[in-house]
Amino acid sequence: MANDWEVVSLVEHCKKIGSGATPRGGSSVYLEEGEITLIRSQNVYNEGFKRDGLVFITEEAAEKLKNVIVEENDILLNITGDSVARVCMVDNQVLPARVNQHVSIIRPKESSFNPSYLRYQLVSPQVQQLLLNYASAGATRHALTKSMIENLGIPKPDLDTQNNIAHILGSLDDKIELNRQMNETLEAMAQTLFKSWFVDFDPVIDNALAAGNAIPDEFIERAEQRKAIKEKDSSDIQALFPDEFEFTEEMGWIPKGWEAGSLDNMFELQRGFDLPKTKRTDGLYPLMAASGQDGTHDEYKVKGPGVITGRSGKLGVVSFVNANYWPLNTTLWVKNYNQSNPYHAYFFLQTLDLEKYNSGSAVPSLNRNNVHNLAQILPSKIVLDKFQEVVKSSFAKIAENNTGIETVAKLRDTLLPKLMSGELRIPDAEALVDEAI
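Just so you know, our numbering puts 80 at position 80 of the sequence shown, and the rest follows in order with no gaps.
Right, here's the structure in full:
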């Protein structure tokens, strides 16, 4: 700890510390859209604010929570449950907002704390462990009381130092966020192409219109939309698609020359492999769980690129991995791309509502045989090959960006405790950041 940094209690240097409540009626009064956001614990993560599962409330319900109006740059702290101690800055774009009883607002005085600096203090390993200790020692399991937060001791250097620390760490977070946004854009572009070719059959419709061939009734509306679009796929790509549809008993109208079959004609799903946590060793290869990557290992079971989805516990998440990997036994991984490829299979599985095939009772479970038998349209090989050719570079860039994210995140996590304690001088930290980004 820097000797000249005073350690102060938050209660002395905050304008507000307090949590809200769930509106009367609970989840039944939540709205999918609205003007006033209700922030809950599932929106608060140490990595930042997440909009997944965001809900809204009426003005009447918001009026009853007027004592917990969220303001710009407020800090949000989860105070109950398994997510206790998670903390982030509010996303100012979701305002106006309120918080429920599981989230506390921390609003520092401008003369005392830079909000970003305070948030980095709260997310530092030392303070996180302290908060978790408080939560586990209280009368209520996994809960932080208002007095615990108020009496939390935080190092308080001068504001210039706080601003510099917040800027250094913030520049690393900005780089991470930039790469994440770039990845979202690249994937969205590939997904749009997948939908155009394999769901809406746009090139087939365009070819049929150009040839004057009949359009089946179910594609009439889409055909009208395509007439208004001036920019179409290149002629080389258009030539890969037929110019008419044909009727099948199994799937109705499909592009002529394509086939109707079952999902296991397209590819097969295979259960993952056991690997107890006690036998895991950090290494080069991603460990893939039902909800995504869960660490690394020094061995792999499957050569990448690969596609993985949940078999047990968490259903419906589809993950793509470029590297060789180890799919854990809670997953199903795609093998034998008979009439598919990893890029096509990744987007295709996302079109299935896999959660509805849950065959478990206490624990959600997906029986691969229930999915293998689903009737599907099997595209031609030349179209599948072209799709892979077009999107492969985007996925390579996503993998490159993910590597960059990991590198920058490691640097941030290394600098964070050293800056928070005053162990590392600001000029030295700035030099390390400049070299990294």
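We put the beta carbon where it would ideally sit given N, CA and C, even for glycine.
Starting from residue i, follow the beta strand (DSSP E) in both directions and report where the run begins and ends.
i, result
"Arg119", "Premise fails: Arg119 lies in the alpha helix (DSSP H), 115 to 123, not in any beta strand (DSSP E)."
"Val334", "331 to 335"
"Arg311", "Careful: Arg311 lies outside any beta strand (DSSP E) and carries neither H nor E."
"Ser319", "318 to 321"
"Glu259", "259 to 262"
"Leu77", "75 to 78"
"Val87", "87 to 89"
Buried or exposed for residue i, please, with buried defined as at least 16 other CB atoms from any protein chain shown within 10 angstroms of its CB.
i, result
"Ile149", "buried"
"Lys156", "buried"
"Met266", "buried"
"Lys175", "buried"
"Asn114", "buried"
"Phe247", "exposed"
"Val11", "exposed"
"Met1", "For Met1, the pLDDT reaches just 48, beneath the cut-off of 50, and the residue's location in the model is therefore unreliable, although a value from the coordinates is still provided. Counting Cβ neighbours within 10 Å, Met1 comes out exposed, since fewer than 16 surround it."
"Val363", "exposed"
"Leu65", "buried"
"Ser41", "buried"
"Pro125", "exposed"
"Gly26", "exposed"
Run through DSSP, which three-state label would residue i get?
i, result
"Trp253", "strand"
"Glu6", "strand"
"Asp274", "coil"
"Asp298", "coil"
"Pro216", "coil"
"Val94", "helix"
"Thr37", "strand"
"Gln101", "coil"
"Val11", "helix"
"Ser27", "helix"
"Glu59", "helix"
"Glu224", "helix"
"Lys156", "strand"
"Pro342", "helix"
"Ala135", "helix"
"Lys356", "helix"
"Lys230", "coil"
If you drop the 5 nearest sequence neighbours on each side, which residues of the same chain put their C-beta closer than 7 Å to that of residue i?
i, result
"Pro327", "Gly272, Phe273, Met288, Lys301, Val302, Ile308, Trp333"
"Val70", "Ile39, Val90, Leu95, Ala97, Arg98, Val99, Ile105"
"Lys146", "Ile17, Gly18"
Going by DSSP, what residue range makes up the alpha helix (DSSP H) through residue i?
i, result
"Lys146", "146 to 150"
"Glu187", "159 to 194"
"Glu394", "Just to set this straight, residue 394 is Ser in the shown sequence, not Glu. First-last of the alpha helix (DSSP H) with Ser394: 381 to 421."
"Glu246", "Segment 245 to 248 is the beta strand (DSSP E) holding Glu246; no alpha helix (DSSP H) there."
"Ser235", "235 to 238"
"Ala210", "202 to 211"
"Ile426", "426 to 436"
Going along the chain, which residues of its own chain have a beta-carbon closer than 8 Å to the beta-carbon of residue i, five neighbours each way excluded?
i, result
"Leu378", "Trp258, Glu259, Ala260, Gly261, Asn265, Met266, Gln339"
"Ile437", "Ser171, Leu172, Lys175, Val408"
"Ile426", "Thr161, Asn164, Ile165, Ile168, Leu419"
"Thr351", "Val199"
Keeping to the same chain, check which residues put their C-beta closer than 6 Å to that of residue i; ignore five residues upstream and five downstream.
i, result
"Lys109", "His13, Lys15"
"Arg368", "Leu269, Leu332"
"Arg280", "His297"
"Ile405", "Ile176, Asn179"
Of all the CB atoms in chain D, is at least one closer than 8 Å to the CB of residue i?
i, result
"Lys66", "Judged by its chain identifiers, the structure shown contains no chain D, having just a single protein chain."
Quick check: the stretch 62 to 80 against the stretch 99 to 119, are there 3 or more CB pairs under 8 Å? yes
Between the stretch 173 to 188 and the stretch 398 to 414, are three or more C-beta pairs nearer than 8 Å? yes
The stretch 238 to 257 touching the stretch 215 to 227, judged by at least three CB pairs closer than 8 Å: yes
Are three or more beta carbon pairs between the stretch 343 to 358 and the stretch 384 to 396 nearer than 8 Å? yes
Does the pairing of the stretch 54 to 67 with the stretch 17 to 37 give three or more beta-carbon distances under 8 Å? yes
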